Amino acid sequence: MLELRAQRCLVVGGGGVALRKVEGLLAEGAVVTVVAPEPMAALEELAGSGQILLERRPYRPGEAAGFALVFAATDERETNRQASHDARARGIWVNVADDPDLCSFQLPARVRRGALQLIVASAGKAPFAARRLRQLLERRFGPEWAEWIEAAARFRRAVRRLGLPPAERESLYDGFFAASVDEARLCARVPTAPEQDELLGPPAAATPAPAAAAGAAAGERGARAPSADAGLVSLVGAGPGDPGLLTLRGRRRLLAADAVVYDRLAAGVLPTELAARVALHCVGKEAGHHPVPQEEISALCVRLARQGKRVVRLKGGDPYVFGRGGEEVLALSEAGIPFEVVPGVTAGFAVAGYAGIPVTHRREAVRVTIVTAHEAVKSGGPQVRWDLLAADPHATLVGYMGVASLPAAVAALLAAGLDPDTPAAMIERGTTAAQRVVRAAVARLPEEVVRAGLGPPALFVIGPTVRHAAAMDWRSRLPLASERLALVAPAGALGLELELGGAELVELPLPVTAAARAVLGASTVTGVVLHDAAEVDALEEEREAQGWGPGVVAWCLSEDAAQRASALGYRRVELVPGGAPGGRLVEAMAAAAAAANVECGTGMWNVE
Ligand code: SAH
């Protein structure tokens, strides 16, 4: 790392080792003198073409003085020692080949990709090892890193122009790194121009751009608040549980947020790569258990927005379907806070779809009603017209918050004349790896639900199309339908393969982010997919995390990973084929899971 351009450097010795030092110095633009009684031909040539000064004689004591840097590479230890002594006596840096005791610096092995240099050194103890490591890195680091380091330099300049405080700068750098480096595979890519803009964040937040310009930049990139300092609250629907069912717009808002206020049921869809600067506020909300009262949630959103923040209020399913989203928006509106609504996939339709139940079907079900029995019964408010619903044989009835209210709802429907043989189902944690389904004729559904022990969140579906579930349930047939697998991000082709196999994935960036931990904690992780020992080590701390129980299976794609996982005490370690996608992995995992008698395939009680 020394700047050697035009610096006078001395190389003592005339063999191959000396030649390599000379070449290295010339590459750095140094002015090189070589002292050697019998220099090899290549050195003679360099002297002949005027590239070095060559003194064909032994080293003279004291001669090292007057150089900026000295190398000794003769095969006489005495000469080397003399040169080293002379240099050190004058405070000149000296390196003696293969003799660390005589060195004031060592030469590292080096991999170069443009301006990027990777240095491997062993404090002179094992140069051979450093060289081999260099060769390994040479193979692992592709040529794209040269472009990447230039892009990083441009990004740095752009960030510095924003004049942010150091912590914010670092978090933008974190974003650049996360977006452009595949840490598991050691690949890099240059982010596209729009991606870079996105990473740099809203122009209005960082530069004193006029308000009009900030307004013009609104749109897909996150609608900017009308006034420069007012924040924005995006009420975002998280969908029913499967993280893939969050909308693209919702995801974009999350990635651009300063703060996220989320319900526990929605935690699973947080982007795991969410930057550390994004404040995460979990406001609970589970059936029968509201740790943060509704008014406080609204007040929190108002307060954050008044600080000029972009706030995402993340709610399960669709925010306006039995989620009290309307109340929250009224509160924002009254407080004069700019807001927007990003609808979500509501549980009633998606959960039914994942369980093989079409909510409408030609000639069979031409109306769908979604109800929540719960509130009506509890509050004495407007009541569900069970009598009208019972009289409609060509309709599907979807009941949210359905566990506690199911017996009363069924009793009311039957009393109003509903056919007791109408097909019905209750689905718990639909669309997720923890999905369980109970199907039965409506009259028997309540008792079967109790028998199976279903609990919230769950909903019931009653209607003629439920009978199609036997044929249309695509999901519980998937070999990995009950698996919630953690793996190092980005999951790439492997992730797709696992997802097509039915697994729910949690992609963990390294180092693991707070958002990723929140996602892990949203539900039980059944397994972790590990490429190599380094990944096993990198995820070691996460084994303490919420959601990651002692039963987590280590699915190892290499011997190396398997050995490390066993050594670290994973209770079950399975070596499975990695490499090219093609279903072999999924098959092997399904077979191993079956062999270990682990329940595989969604829980299903079909008692029709
Ligand atoms: N706004 C949400 C519903 C909130 S009410 C939406 O549009 O989906 C919460 C109820 O939704 C739960 O009690 C349950 O009945 C239902 N629900 C939400 N997620 C569910 C899931 N994954 N599986 C089954 N029911 C679910």
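Under this note's numbering, the first residue of the sequence shown is numbered 16, with each subsequent residue one higher.
Even for Gly, the Cβ is constructed at its ideal location relative to N, Cα and C.
Just so it is clear, the structure is predicted and the values come from calculations on it, not from any experiment.
Using a C-beta cut-off of 8 Å, the segment 44–64 makes contact with the segment 76–90, since at least three inter-stretch Cβ pairs fall below that distance.
The residues Leu545, Ala576, Arg579, Ala580, in chain order, have a CB closer than 6 Å to that of Val551 in the same chain once the five nearest residues on each side in sequence are set aside. For Gln578, there is no enclosing beta strand (DSSP E); the enclosing alpha helix (DSSP H) covers residues 574–582.
For Arg268, the CB stays at least 7 Å from every heavy atom of the ligand SAH. Contact check for Arg482 against Pro438 passes: the beta carbons are separated by less than 8 Å.
Remark: the C-beta of Gly542 is outside contact range of the ligand SAH, defined as less than 7 Å to any heavy atom. The three-state secondary structure of Met441, taken from DSSP, is strand.
Between Leu347 and Phe354, the C-beta spacing is below 8 Å. Three or more pairs of CB atoms, one per stretch, sit closer than 8 Å, so the segment 151–162 contacts the segment 189–206.
For Tyr188, the uninterrupted alpha helix (DSSP H) run begins and ends at 181–195, by DSSP.
Here DSSP, grouped into helix, strand and coil, assigns Ser348 to helix.
DSSP places Phe120 outside both helix and strand once states are collapsed to three, so it counts as coil.
For Lys330, the enclosing beta strand (DSSP E) starts and ends at 325–330.
By the CB criterion at 8 Å, Leu68 and Gln22 fall outside the cutoff. Only residues of its own chain outside the window of five on either side were considered, and among them Phe337, Thr387, Leu474 have a CB closer than 6 Å to the CB of Tyr415, listed in chain order.
In this structure, the ligand SAH has a non-hydrogen atom nearer than 7 Å to the beta-carbon of Ile442. The segment 443–519 contains, as complete beta strand (DSSP E) runs of 3+ residues, the segments 451–456, 473–477, 499–503 (chain order). The beta carbon of Phe82 sits closer than 7 Å to the beta carbons of Arg23, Cys24, Leu25, Ile107 from its chain, once the five residues preceding and following it are set aside; these are given in chain order.
Counting only the Cα atoms, Phe156 lies some 27 Å from Leu19. In its chain, beyond the 5 residues on either side, Gly252, Asp333 have a beta carbon closer than 6 Å to the beta carbon of Pro358. Leu131 and Ala166 have their C-alpha atoms roughly 11 Å apart. Annotated three-state conformation of Gln97 is helix, per DSSP.
For Gly39, no beta strand (DSSP E) segment is defined; the enclosing uninterrupted segment is the alpha helix (DSSP H) at 31–42. Between Thr528 and Glu185, the CB-CB gap reaches or exceeds 8 Å.
Between Pro255 and Ala362, the beta carbon gap of about 4 Å places them in contact (Cβ cut-off 8 Å). Between Gln561 and the set Asp436, Gly283, Ala45, the nearest pair of CA atoms involves Gly283.
For Glu522, the three-state secondary structure derived from DSSP is strand. Residue side-chain check: Asp333 places its Cβ nearer than 7 Å to a non-hydrogen atom of the ligand SAH.
As for any alpha helix (DSSP H) of minimum length 4 sitting wholly inside the segment 48–74, the runs are 56–63, ordered along the chain.
Shortest Cα-Cα distance from Arg587 to any of Leu600, Val601, Gly566, Gly593 involves Gly566. Judged by DSSP secondary structure, Gly566 falls within the beta strand (DSSP E) whose first and last residues are 563–571. Counting every other CB atom within 10 Å of its CB across the protein chains shown gives Asp90 a total below 16, marking it as exposed. In the three-state reduction of the DSSP assignment, His546 falls in the coil class, being assigned neither a helical nor a strand state. With a cut-off of 8 Å on Cβ pairs, the segment 493–511 is not in contact with the segment 164–179, counting fewer than three such pairs. With the rule of 3 Cβ pairs closer than 8 Å, the segment 25–36 counts as touching the segment 86–103. Beta bridge pairing from DSSP links Val85 with Leu25, Val109.
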